[in-house]
Amino acid sequence: MTAASPETDENRYDFRAIEERWLPEWRRTQPFRAGGPDDERPTKYVLDMFPYPSGDLHMGHAEAYALGDVIARYWTQRGFNVLHPIGWDSFGLPAENAAITRGLDPRGWTEDNIAQQRTSMERYACSFDWDRVLATHRPDYYRWNQWIFTRLHERGLAYRKHSNVNWCPKDQTVLANEQVVGGLCERCDTPVTKKKLNQWYFKVTDYADRLLDDLDTLQATWPSKVIAMQRNWIGRSTGADVAFRIEGRDEPIDIYTTRPDTLFGATFMVVAVDSDLAAEIAQRADAGVQQQFDAYLEQVRGSSEIDRLSTERPKSGVFLDAYAINPVNGERLPIWASDYVLADYGHGAIMAVPAHDQRDLDFARAMDLPVRAVLDCRDENGESLPDPAESGVATTGDGTLINSGDLDGLDKERAIAAITARLETEGRGRASTNYRLRDWLISRQRYWGTPIPIVHCDACGEVAVPDDQLPVELPPTDGLDLKPKGTSPLGAATDWVTTTCPRCDGPARRDTDTMDTFVDSSWYFLRFLSPGKTDGPFDPAEAARWAPVDQYVGGVTHAILHLLYARFFTKALHDMGMVDFEEPFSALLNQGMVQMDGSAMSKSRGNLVRLSDQLDEFGVDAIRLTMAFAGPPEDDIDWADVSPAGSAKFLARAWRLARDVESTPDADAATGDAALRAVTHRTLHDCASLVEGFRFNVVVARIMELVNATRKAIDSGPGAADPAVREAAEAVAILLSLFAPYCSEDMWAMLGRENVARAGWPAVDESLLVEETVTCVVQVKGKVRDRLEVSPDISDGDLEAAAMASPAIQRALDGAEIRTVIVRAPRLVNIVPV
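Under my numbering, the first residue of the sequence shown is numbered 4, with each subsequent residue one higher.
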């Protein structure tokens, strides 16, 4: 053996001694180093979302890495060359804010936390390839952020423009939409406002159709709710752009609508109060209107998009003393500015059809504006719905057109086609597709991020930094005030800012914004393939061998933007000829949250559970096993409801099986007890599909059943010397290696073997899988009251009848009325009395 032989008290399972025995050995041998190009095994790329180094690992990390590790270890056992890397998403506001609070350089704070987390990950026995570590704050990584930026800039996919952005007054930086939660900054809970700035964007909208349509290829392997969230975020809709003339304005404005068939029902127009169009129209009005408009605009600046779009929010607005002309009937439509229309939706203005849109109707009622029904919508009985002008409820169905001139009587589809064709013929509109998706704002006015590799030259304009001058490294923090103040702290690093233009050698200034950290995480999975490469971001040959990621594991909190941006990067890199695939993550598993007493853990709530304390008390294996056994991976875990102590007791019971085996490693299992062998092989067979279906809690339950059967065989069956007992104990060790690596490694050594993680999945004897009977558990109100031996082919009805006829069940029910009976033939009946 490569490690010292176990010499613990034979009656005591000592997890501390076992951890001390095997951790140094694993650090020395690195058993999970991925094989190189000469390795002929099929490849499998398993990736956990990399952590932010904000301190030591917490209970959420413990769940995520326990589950990802099950998958990586399983495919290793199945004979695959598994790549399972780890790194740190180490740029961002938390490190910068912590450094400001403590008066530290964020580099030192970050590196210290990385060292601490790495030590904890090693103790936690994560099956990572420690030769492929990366951290996004290091220049050898963010150099390639800058390189990719310049490639996107060359293709017109990186650009700068003035626009209204989410602004955190406390952190003094812009925020991505995902970083605004309930109108508050997710980092500091400060109400987010809007601010107009000149910012850098990636043109994600150029890929909107591909990002949406390619979700079809992920339907079977991504959670359906994530697919739905991605679809909704992209938000493609079809309709028409309709040209409305504004009195006193030379150029008409385009209004996007999904229902051009309702044009005859438009009775007013609403423009976003924070749009350029609203400001332009207000400037032409008299002083009183301008004053009202300015006051209203200032009031709205403190509202988030979520608040503005809320149906519960009272409608407000300002009449701009201006009129638009409806192109289908020539009516004058009063123009209002309001907050319920967003500047970046469509063209920042809507035609309001209050009879058939509830928000428009609420606004019309608040401002005493006319309501005209142009759709005859009917209920399930064929009766016309009440007039919205009287009911206050907009009719939003398809309906048949009324009050619409020669379109009367047409259904929705025919009316849309007819009105769109007419608008196109008259030059007043055209068919159009619109998206909820907006371009990705990547600028941040903070120090701790990737510098944007652009210099600003009075003669040449925006000039990308040449590749041979990358990385543009962050300057030292000496002398810099990192406290947020509305502009980037980098602006004060005058020696750093002042440079020469790469194109004309004239004086120039570096761009002082840094990149959104979502840039770092949009391609890191590719850098893992060749983290030491110095002449490119990754090796295309390695990408062809390993990528895309076969199994991605992480929280649903990143279900929208992180995944969307990684998908955008992948498609852009594909178009550059750098990868031969268009989707980065072939399969996705989202784990739930770890809570305490029904709510998220936090110091302020007094319900914080420290992972390090749990590991010290119960051991690594017990915590990992508890995480897997608590329920389906996607469900939240309430730590108050689980039992790491129970897991520790089970592990001791499993460990003692290996201690008690008396047959030699070369014993012929075929000569052993047939009943125990049948249990062993059924367990191995079933657990393979259960792991691949992410039913980890059921796998643990099956291992427990096998441990019980093996203990029974030792104590009251054929005995410890039976070869079937050794076969069963070895199967337990291999199965447990997915969840409890320390215990399983110690068992494997006691069984006279080496390196359980690469033992290989035992071959299953198909002849032993035939079951003459199976054990059905019968519960009353969730408690086991009887076990029945039944045919594996028994029907639900027959199984329910057998359960109800059981004397033990009749005693447990004691004449109670039955509310429901849940039958899962052939293994479970749960009877729920009233």
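We put the beta carbon where it would ideally sit given N, CA and C, even for glycine. Nothing here was measured: the structure is a model prediction, and the numbers come from that model.
| Query | Result |
| --- | --- |
| Supposed contact pair Phe572 and Val552 - C-beta distance, whole angstroms, cut 8 angstroms | That pair is no contact at about 13 angstroms. |
| Expected contact under 8 angstroms - CB spacing of Ala69 and Ala631 to nearest Å | 6 angstroms |
| Spatially closest choice to Ala325 from Ala340, Ser319, Cys690, by CA coordinates | Ala340 |
| Beta-ladder partner(s) of Met707, from DSSP | In DSSP, Met707 forms no bridge with anything. |
| Within 8 angstroms, strictly: CB atoms of Trp658 and Cys779 | no |
| Pairwise C-alpha distance: Ser740 and Arg548 | 27 angstroms |
| Beta-carbon spacing of Arg362, Tyr343 below 8 angstroms | yes |
| Top-ranked residue by Cα proximity to Pro635, from Arg827, Leu483, Phe697, Asn116 | Phe697 |
| Closest by C-alpha distance to Met707, when choosing among Val694, Met518, Thr686 | Thr686 |
| Euclidean distance between Cα positions of Leu410 and Leu592 | 50 angstroms |
| For Asp461, the nearest candidate out of Lys488, Arg441, Thr503 (CA to CA) | Thr503 |
| CB of Leu178 within 8 angstroms of CB of Cys188, strictly | yes |
| Alpha-carbon to alpha-carbon, Arg24 and Pro543 | 40 angstroms |
| Coarse secondary structure for Glu620, derived from DSSP in three states | helix |
| CB contact check: Arg705 to chain B, cutoff 8 angstroms | In the structure shown, chain B cannot be found, because there is only a single protein chain. |
| Reduced DSSP secondary structure (H/G/I, E/B, other) of Met4 | Below a pLDDT of 50, predicted positions are generally treated as unreliable, and Met4, at 37, falls in that range; the measurement from the model is reported next regardless. Here Met4 sits in coil by DSSP. |
| The stretch 675–682 touching the stretch 703–718, judged by at least three CB pairs closer than 8 angstroms | yes |
| Distance between beta carbons of Pro474 and Pro142, contact taken as under 8 angstroms | 5 angstroms |
| Beta-bridge partners of Ser166, as assigned by DSSP | Leu200 |
| Rounded separation between Ser533 and Trp78 - CA only | 22 angstroms |
| Per-residue DSSP class, three states only, for Gln302 | helix |
| Closest residue to Tyr555 among Asp72, Ala575, Asp749 (Cα-Cα distance) | Asp72 |
| Where Ile230 falls: helix, strand or coil (DSSP) | helix |
| Short Cβ contact (8 angstroms threshold) for Ile445 with Phe205 | yes |
| Alpha-carbon to alpha-carbon, Asp51 and Arg30 | 20 angstroms |
| Alpha carbon of Ala828 to alpha carbon of Ala223, nearest angstrom | 27 angstroms |
| Beta-bridge partners of Ile455, as assigned by DSSP | Bridge partners of Ile455: none, in fact. |
| Bridge partner(s) assigned by DSSP for Gln598 | Ala603, Asp641 |
| Three-state class that DSSP yields for Gln554 in the structure shown | strand |
| Rounded C-alpha distance that separates His688 from Arg381 | 56 angstroms |
| Alpha-carbon spacing of His103 relative to Pro479, whole angstroms | First, the residue type needs correcting, since residue 103 is Ile and not His in the sequence shown. Each residue's alpha carbon lies about 14 angstroms from the other. |
| Three-state secondary structure assigned by DSSP to Met354 | strand |
| Short Cβ contact (8 angstroms threshold) for Trp236 with Leu567 | yes |
| Spatial distance of Asn833 from Phe366 (CA atoms) | 53 angstroms |
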